[in-house]
Structures are given as structure tokens and as C-alpha cells.
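Working notes for the structure below.
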Amino acid sequence: MNISRNFFIYVCLILITSNLFSQIRVDVNLNVKHTIDSISIFDRSKFISIHANQTENEWDGSNFTSDLRNDFLNGYDVYLGRDTGGITWNLNNIQQDPDRAGFVDPSEIISKGANARSNFESNVALHKYEDRKSLVIAGQLNPFWTGTDQKPTSQGWYLANATATGEYMGRYINNFHGTNGQKKPLFLEIINEPAYHSLGGKNDYSNSLQEIAEFHNEVAEAIRVQAPDLKIGGYTAAFPDFEVGDFKRWENRDKLFMDVAGDNMDFFSIHLYDFPSINNGKKDLRSGSNIEATFDMMEHYSMLFFNKVKPIVVSEYGAQMHDYAQEQWSPYRDWLHIKASNSQLMSFLERPNVVASAINFIIVKAEWGYNSATGVPYNHRLMRKANEPESYTGEWVYTDMVKFYQLWKNVRGTRVDITSDNLDIQVNAYVDGNKGYIILNNLNFKEETIDLELFDSNNNSITNILKKHLTLNGNFPILIEEPITNTNSIILGAESTMILEYTFEEDIVIDETSNEIKYYANSYLKPITENTVQTFNINGVLKGNYGEAILRLGLGRAHGKSLNPVVKFNNTVIDVPSNWRGYDQADRAQFFGVLEIPVPYNLLETNNTVTVQFNDTGGHISSVSMRVFEFSNDIRKDKVSDISDDNYKIKTTSVTCRGENNGKIAIATTKTLNYFATVAGEGYNEKFSFSDTLNVNNLKSGFYTIEISIPEFPGYIASFKLQINEPEALSVVSKINAINKTVSLSLKGSDAYEITINGVKTSTTQKKIELPIQFGTNKITVTASKQCSNMFEQNVFLENGLKVYPNPSKGNLTCSTSKDMIGGELFIHSIDGVLLKTKKIEVLEEKIDVSFLPEGIYMISASKGNKVQLQTKLILSK
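So the sequence shown is residues 212 to 1089, counted in our numbering.
Set out below in C-alpha cells:
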């Protein structure tokens, strides 16, 4: 096949921004299993959980249902995620060892543990929820912490050291869990948020985590003496804001913790919150690109330091609603948490191999958090009193937090291939028998229209589609559940989530695969310096016959700095999209996010070189990684006939000044494919790759050719010829009107001009202007509004136009005037203005007798139309 399309463009084409580009396309291949490091199943025990244990008394009481545990946990298929109360309560109510001050009494732990197991054994109704546990046990800061500012237990004694803390935690797990008691937890966090206040708060970056890291080491070693198989982690960071202080916070906290305690940690633990309304509505959000950068940096350094990515437990996530924290319950406050939870969960689901557990921070009733002084209940609650917010009375009913679980209720199955051409629309999809689940989440602050393309290789008929749309209506979160007939065009609300549940006539056959592996560069955290190339190597990449790749650049930069570097992949410039996940982070102190850059699959090699260059200084490249997908077949296959004649929209931008090289070419395509473009002309010759947009900068004025090829379609070439213009040179033509004593200026080369004549300035946008001048030499300068334009300078001389000779005269003289003065008059005045003689001008050379005048100085003038136009001095001498 040999296909060639040629276009010749001399004018600046308009880059189309119509609805053609505003509709977002999502493609789903229901028959393609998407595996991430061998994981392809949606594990609800990891991702759909509540911050609670089934043994808590808060499940009981005057509820709207007789069995709240069953209604919620079984009804919405929710798992139990975290318990910080039991291990802490028991430490506060146990005595120290009489023989070892500062250590718990082993015999009392055994006794209390046996009693706890016995109570659980007798409470048969709780047993069925043991299978709903993916439990994280965590100790609160006090009294577990034995370092600076240590606090005693409720019994008034202090733990002796970190070893004493670890011994207690290990003995607690062994004696309170197992045999006839609750099953042992999957994970143990040593202490909850140890650096929340003690190290200077959210914005500090100078204080070191050394003491906390060493504490974790000693505690972990002591735990393993008692419970060697328990998975232990920390440091449970409240604010993993790595970029603060230009990454000094990372170095003094999270990196230091990995360096010092990482070998003793089975996992790293963090908390992730959006601040969707802080300080009168400002938004400090992690959802989207910030979470991506946070995970990527932890993963990358873990790979470099441990030669593997250690698991991450997100033991709390959601939102902190500062502007509403001290108010009564409201549906809108719940909405702020719900929308954050959905956006963050979509990022967690991209890492089922890394995220070991993600626990939504929702407490059952949190009556311990009720503020009796203000009458304000705790924010993060699954349940509320029926009469709230008017009064804290009535039976317990669900808050709107339950809508998060109602939305995700049915989702399960095998992950399948799904893509979005807009990073602000997060997507995921699963297949379970004859059911298909498509999840769409909108990070944008406005509603979006989704063009959804669904593919099933066996043409399986759809019998039913259920749309579940969790969105905001006024100040109320609503979950709309309705059957629909098609999903060709879907309206997704602002910051909203939609799950489309398809029912097919037959089971969906999954007969293709997409296997994803994430590779990390051999270096990370490099400073950004103007026009300095930073080089990263991504080695050991496995590549199949078909696939795709996404390069990921983590960046921490001050606002206003460039987020559009020049990136070369194996010496080929690849296009850097101008969009990233989520908003611009304007209310955060600086940008910390990930640029996701498509890489043409045919550029991939086993060992790859990536270079990154910015045009300004400041900040760091925090991480560099690449997601590589290997397909069992060409699942992205397109036909050349799908490429329409108007597929390419091209815009040229002229150079700002003659001789400059800042012209630009911008290309946008209606169809997303792997394009290669060669741009040549005026000594320039570069090859680029891009998927839907390409921006070529730093071009001289002149003629260029563009040839676009598509590797999937051998022989296909789209050719363009175009011109980059330069501004017209400043041109000024002047013409003097001696009679009117004016100069007329004809102007070209700019949109606006500043004219100065004899020090008097005039600004104009006119192309022709007439301005007054004076007899003699007049200095004229003209400058254009464009800074690079040359300046026009000219001196014009306005002759008097009236000549008298001889001068001085003894009595008879001749006055010479121009032809256009014939018909006018000559006047002779004394020096003090007295008119002494008048004579009509009938010829060019008029003779005048002035012998009657005494010697002295006089003024002689010529006038036509009652206006003195020409004049000169006359000197008489006898």
C-alpha cells in the first residue's frame, strides 16, 4: 500500500477547537484482560473497606435496622479495614511487669487475651464477619511512643523503651488473636502519625525523622521475637508532602525513614487526604497528579534502594473538610469526602501490585469524637442521628457517606482494557461472567461529555445497562440509578463518578491480554537547570510484537515554571502533552505532579535513554518511570481509511521579530495514533513522535515541509508545505505641506506607532497621519509597538518660502514667493506690529518701494486666505 496526501499551506491555518476536540473518547475492550504484575482481579478486600472492626460496640444501638453489620458489610460487600482502639485501650489498662519496670506484665497479657478470645468465641454473631477482614492493627502515638515528649499509660507508668513497646505489640497479637479469638491481622502499623505535630507541622522540612525511624527499627525487631510472621510497617505519615522545601522534607523524613528503617519494614504506610475547602474555599488536592507523583517517588526510590517496590498501605484516605469541620452534619460536607474518595481510589486501582490495602477513613458512629461543648459530632461518620443537623437525637441512620459504598456495591471481576484520551477522566473496567463494569471518574470542575466505544470480539448482545451516577445536585450528593438504552454519549458531572453495569446475553469471552509492567530509571530526583539536559536510563525492558508505553515524569516546581520540557526518547523528540491528571494545583504551595507521555512502541529497546531539558531553572525531576503494555494481538489496530482528510489541523505562529527563531508549528489530530513527523526547512531537520498533538518551537521564518508517517500503516505519508512569516519592516513615507506647515506620514509594519516631532509625542494606530511642523529643521522619529522593530528617524526642513533681496535693503527690494501664493498679499509691519504697507501678489517676483521707511528692522509676510503663512525679517539701512 502506498498512500500519499499532499497539502500546500502558505497562510496561517487555524487550529480547530470546536466540539470535535471537546468530547472525550473512552475505548473499552471487554475481551482483553489487563494484568498488572500478574494481578488482574478486583480485590474488594483491599479497596472497598471501612475504618472499623466488627467487634466495635458502635455497630449496636438504636439503629434503623436490626442488624447494622449485616445491612452494611454484607449488603454493600464491604470489608473491615483498621482497628487502632483495641491494642491501645488494653495497653492503657494493663500493669507493668513487677520484675521489669517499663515492660507490660506478660501474665496479665495472657489473662486478658484469653478473656478477650473467650468473649469473642461466645459472641457467635460476630464470627461470620471474620472473612470480611483485611485488617490493619495500629497503635496510637501515646502511650506507645517512648521518645521525646513521652506520655504515660492511663495507669501512670511509662514504657521503658522501643523494645518494651515492640514486646507488648507482639504479645498482644499472639494472645488477643488466633485459636478461638479473632484471626490475626494482616498488617501492623507501629504508631499512628508520629510526626503529625511533633516535627513542626505540615510545612516544616528541616526537622529530621531520625528518632522516629530508629524507634521503628527497635520496635519491629522486638515484635518479630514474639510474632515473626507478622507484616510490620510505618511510619504512617500524615502529610507525605515530599516537595516541601524543594524536596528537603523528602530527604529529612520519608527518604531518611526508608534509609534507616526500611529494611525492617514489610510495607510503608501513608495517609492521603484532599483539602477541598480550606481557608474560604481554597482547594489543596492530592487527587489526580499529586497522588501519582507521591506514589511514583516512593516506588522509584524503593526500587533503587531495595531493588524492589515494597508494598504501600494507605491506612486512611478521603478528605479533610476544614471550612466545615466545626459545623453540624451536612450532605455537602459528606460530598467533599465522597468525591475525594472516588478520585483517590481510581489511582489506587492503578497499582493493585503496590497498594496492599486502602482504607477509606469513615468511622461507624464516632461517638467518642462528639464535642459536648459545641454540640458538633465527628465529621467522618457512616451513621448519624435521624434528626441531625437540627438536633443530635433520633435513631441512627446512614449519612451520605454510604453512597460511596452503594456506588461500588456490585463491582467485581477481571480487569479489562480501557483507555481515555483525556487524563482528567479516570477509567477502569471489569468483567464478571455476563456482566461488564465501566468506571468513569471526572477530575474536572465541570461536567464532561464522554464518547464511549465498547468492543466485544464475539458481538455479544447487551440485554440491559444500569447507570449509577454519583454527582452533586445543589448542595446534595445524589446517586442516580437508572436503566439506559445506550452509552454512545454520556454526560459525566463535575467531580463525579459513574459506574455503568452492562448485562450481556452470554458470558463475555476474554481471549486477548494486555500485560503491564512498570520500569524505573536508574536515577531520580535531579535538579532542573535552564537548558541543561538531564539523562535517565530505563533498562531491561521486555517488549513484545504489539503494545504501548507511557513515560512518566514526576515534577516538583514553583508555580509559573515550565511544565513542558523537551523530551527525547532514544534520541527522538516525543511530544509532551499539556494536560495532566486533575487541576493546576494553584492553591498548593507549588506543583507536584506527573506528566504522562505516550512513547511510540517501535522506539522501545531493551535499554533506553531518556533526556529531559527545561528552558528555565528551579525545582526537581522527582521520578522517571515507564508503564509498558504487551498485547497478545494488535488491539489498537486502526484502518488507514479511518484517517479523514481533515485529520490534521495545523497552525503556524510567525516569528516576533525579523531574524529571530521563535516561530512555531502546532499540529492537532482528530484521531489518536502513533505518528512520526519530520519537519524540515531553513536549515532545520528534526524527527518527532506524537499521538494527537505536536508543538515544534524555535523556528526561523521561511518555508517548511512536514511529512507525517504512521508505523502501523507502511507507505502512508501525509505531506504539508507551509510558511512561517516574519513581521513587516517598519516603513515611513513623509510629505511636507509648506503652506499648512504640516508633515504627512504614511506608516506600515505595525499595529501601533509612537511619533515624536521636535520632542512632542503622538501615539496612533492610523496608517496615515498629518502633524504640525515648524520652519527650519524638524526631527521626526517613529517607533512601532513591536519591540524588535527598527526606529525610523528623519530630519525635514521647512523653508520659509518667502525670499527678500537685497536684504539689508536701501529702499527698493524684490519679494519672491511660490506659485501657490499668487492672489495673496504682502504685508510690511513695524517691529511692534503696526501695518505700514500692503501689496497684492500678482507675479512670482514682486517689486516693492520701501524708501519712505526709515532705517530699522521690519517684518514682511505673505498671506493668502486671511492667514499669515510665510514671513521673514527685513533690514533697511540708508
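Ideal placement from N, C-alpha and C gives every residue a C-beta, glycine not left out.
When the five nearest sequence neighbours on each side are left out, the beta carbons in the same chain lying within less than 7 Å of the beta carbon of K1014 are those of S1027, in order along the chain. By the criterion of a C-beta distance shorter than 7 Å, S260 is surrounded in its chain by V289, Y290, L291, G292, S345, I570 and N571, once the five residues flanking it on both sides are discounted. With contacts defined as CB atoms closer than 7 Å, N553 and T708 qualify as a contacting pair. Shown here, D248 sits in coil according to DSSP, grouped into three states, outside any helix or strand. The way I'd put it, the region 557 to 569 does touch the region 497 to 511; three or more beta-carbon pairs between them come closer than 8 Å. For R328, the enclosing alpha helix (DSSP H) has its first and last residue at P317 to S333. Under DSSP, W607 forms a beta bridge with N274 and K596.
From the listed residues I719, S500, N844 and L547, the smallest Cα separation to N726 is found for N844. Boundaries of the alpha helix (DSSP H) around V613: V613 to L618. In the DSSP assignment, S836 falls within the unbroken beta strand (DSSP E) covering H831 to F842. Among the bridge pairs identified by DSSP, I749 is matched with N819.
Across the set N684, I384, L815 and N671, the C-alpha of N671 shows the shortest separation from the C-alpha of T714.
D470 carries a helical assignment under DSSP once its states are collapsed to helix, strand and coil.
Residue nearest to N633 within the set N582, E341 and K882 is K882 (criterion: CA-CA distance). Leaving aside the five residues that flank V787 on each side, the residues in its chain whose CB is nearer than 7 Å to its CB run, in chain order, N775, P776, V778, L806 and I808. Residue pairing by DSSP places V1054 in no beta bridge whatsoever.
In the displayed model, H262 falls within coil according to three-state DSSP, outside both helix and strand. If you check the CB distance, V608 and A263 do not come in under 7 Å.
With a minimum length of 4 residues, the unbroken runs of alpha helix (DSSP H) contained wholly in the region 459 to 510 fall at 466 to 472. Assignment of P983 by DSSP, reduced to helix, strand and coil, places it in the strand class. Shown here for E269: same chain residues with a beta carbon closer than 6 Å to its own, the five before and five after excluded, namely V575 and K576 in chain order. Counting the other CB atoms within 10 Å of its CB gives P451 a total of 16 or more, which places it among the buried residues. In this structure, G324 sits away from N391, with a CB-CB distance that is not shorter than 7 Å.
Rounded to the nearest angstrom, the gap between the Cα atoms of L496 and D485 is 4 Å. The three-state secondary structure of F914, taken from DSSP, is strand. An exposed status is given to L1046, since fewer than 16 other beta-carbon atoms sit within 10 Å of its beta-carbon.
Counting along the chain, Q637 sits inside the beta strand (DSSP E) bounded by residues I636 to D643. Q745 is positioned such that its CB atom lies no closer than 7 Å to that of A769. Our two residues, A929 and Y859, have alpha carbons roughly 9 Å apart in a direct line. By the C-beta criterion, the region 510 to 525 is judged not to be in contact with the region 660 to 668, since fewer than 3 inter-stretch pairs fall below 8 Å. The three-state reading of DSSP puts H533 in helix, counting H, G and I together. About 7 Å separates the Cβ atoms of I549 and M612, confirming a contact at the 8 Å cut-off. At a Cβ-Cβ threshold of 7 Å, I991 and Q1005 count as neighbours. For G297, the enclosing alpha helix (DSSP H) stretches over residues G296 to N303. Contact annotation: L467 and L420 have beta-carbon atoms nearer than 7 Å. About 12 Å separates the Cβ atoms of T820 and V752, ruling out a contact at the 8 Å cut-off.
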